[in-house]
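Residue numbers (our numbering), protein chains in the order written: chain A, 60 to 245; chain B, 60 to 245. Worksheet: the structure to be examined is printed underneath.
Here it is, written out as structure tokens:
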């Protein structure tokens, strides 16, 4: 989902979650497993003082409602990774099918991800896209290195729900976007 | 998704990710946000020496392909949480729509989750259900307390893919099961 690497971005050294095992899946075997595993779609934004960044992620999930905590992971290959590894607060936009073009923007490399979508800043400074199903401003409370990625845990501070169940949900699966609705319910 | 609490299960004290904030979402606000966020469906099994446990989770996501790492979270309210908080290895079953009845079993409280499904043990001892889309045996490499839940990071050791793209994917959204296919593609 995340954009491809930019040349100037280097991988972190000595990730803490790296250990060796007698048996281990190859990268290709692992990717084949998860290609078949669908995910909801979010766009995460932040600004750590050097301009706004955004990226599309399918790894956002809720961990606890009280306190309100969510997690997601970001690859160090993403152009947004450096900012997201330093930002104290972030905005997680939870998308539905009406937000498909924003999801595609956040997954495309080498473009200005803020050029073609309405956005502004919250009074607290974070970039927020307009018109999405919902967004939630969060404080980052924990980061865990995991291979070439970082797992981020965040505490939800403030939210806005624009479309509550009225739109069709958006899912990414096997390199294809899907919409959920009565047509897909079992 | 996880089962409701069993009486004998108590919440962990002093979760490390608990901090206070001036503003914070209520549990109801947070649940409303994520009710609209779809997730792929997995059943996680383990045995830490006191018998097999299983639970359905929509929080499984891939973090890194090299090394092959995934994460998920478990509520301390789940009957499987105590075993999963101690097990050194686990099996994550990644389900498709043909596995719906197993997904429902892993989300139902107060039943024997191994009574009505074919399962056996790997040579390494972990319980594995038969006939699912795919499963992956993992070593737990990191646990992070987050409110009343635990975030688990695991390294993939061994996998089996039974249905590679031939079945229809399974998604949980707004308390409803969905199947993905040509009918849902955008």
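A virtual CB, placed ideally from N, CA and C, is assigned to each residue, including glycine. As the structure is a computational prediction, the values presented were derived from the model and not from experiment.
Is there a Cβ from chain A that is less than 7 Å from the Cβ of residue 181 of chain B?
-> no
Inter-residue Cα distance where the pair is residue 230 of chain B and residue 116 of chain B | 11 Å
Candidates B:239, B:227, B:195 and B:225, of which the one nearest residue 213 of chain B by Cα = B:195
Less than 8 Å between the CB atoms is what I'm expecting for residue 228 of chain B and residue 216 of chain B, so what's the real figure, rounded?
-> So it is not a contact: roughly 24 Å between Cβ atoms.
Taking only runs that begin and end inside the stretch 180 to 235 of chain B, name each unbroken beta strand (DSSP E) of 3 or more residues, in chain order.
-> 186 to 188, 193 to 205, 208 to 220 and 229 to 232
Beta-carbon gap between residue 129 of chain B and residue 121 of chain B smaller than 7 Å | yes
Burial state of residue 185 of chain B (16 or more Cβ within 10 Å) | buried
Apart from the five residues just before and just after residue 107 of chain B, which ones in its own chain have a Cβ nearer than 6 Å to its Cβ?
-> 142, 145 and 146
Using a cut-off of 7 Å between C-beta atoms, extract the partners of residue 237 of chain A located in chain B.
-> 239, 243, 244 and 245
Taking all protein chains shown into account, decide if residue 209 of chain A is buried (16 or more other Cβ within 10 angstroms of its Cβ) or exposed.
-> buried
Does the beta carbon of residue 121 of chain A come closer than 7 Å to any beta carbon on chain B?
-> yes
What is the C-beta distance between residue 92 of chain A and residue 170 of chain B, in whole angstroms, given that I count them as a contact (C-beta under 8 Å)?
-> The pair is not a contact, with the Cβ atoms about 28 Å apart (cut-off 8 Å).
Within its chain, find whatever has a CB closer than 7 Å to the CB of residue 226 of chain B; leave out the 5 residues flanking it on each side and keep chain order.
-> 155, 156, 157 and 192
Classification of residue 232 of chain A by the beta-carbon crowding that lies within 10 angstroms, buried from 16 upward | buried
For the stretch 150 to 173 of chain B, which residues have a beta carbon sitting closer than 8 Å to at least one beta carbon of chain A?
-> 153, 155, 156 and 159
Under a Cβ-count criterion, where at least 16 other Cβ atoms within 10 Å of its own Cβ denotes burial, should residue 243 of chain B be classed as buried or exposed?
-> buried
Check whether the Cβ of residue 111 of chain B lies closer than 7 Å to any Cβ atom in chain A.
-> no
Where residue 107 of chain B falls: helix, strand or coil (DSSP) = coil
Taking C-alpha atoms, which residue in B:96, B:153 and B:161 lies nearest to residue 223 of chain A?
-> B:96
Among A:172, A:164, A:198 and A:150, nearest to residue 180 of chain A - alpha-carbon criterion = A:150
Can you tell me which of B:109, B:113, B:166 and B:176 puts its alpha carbon nearest to the alpha carbon of residue 189 of chain B?
-> B:176
Could you check which residue in B:100, B:88, B:123 and B:148 has the C-alpha nearest to that of residue 112 of chain B?
-> B:148
Could you tell me which of B:159, B:98, B:85 and B:87 sits nearest to residue 131 of chain B, measuring between CA atoms?
-> B:98
Would the beta-carbon of residue 245 of chain A fall within 7 Å of that of residue 178 of chain B?
-> no
Is residue 215 of chain A close to chain B, meaning its C-beta is less than 7 Å from at least one C-beta of that chain?
-> yes
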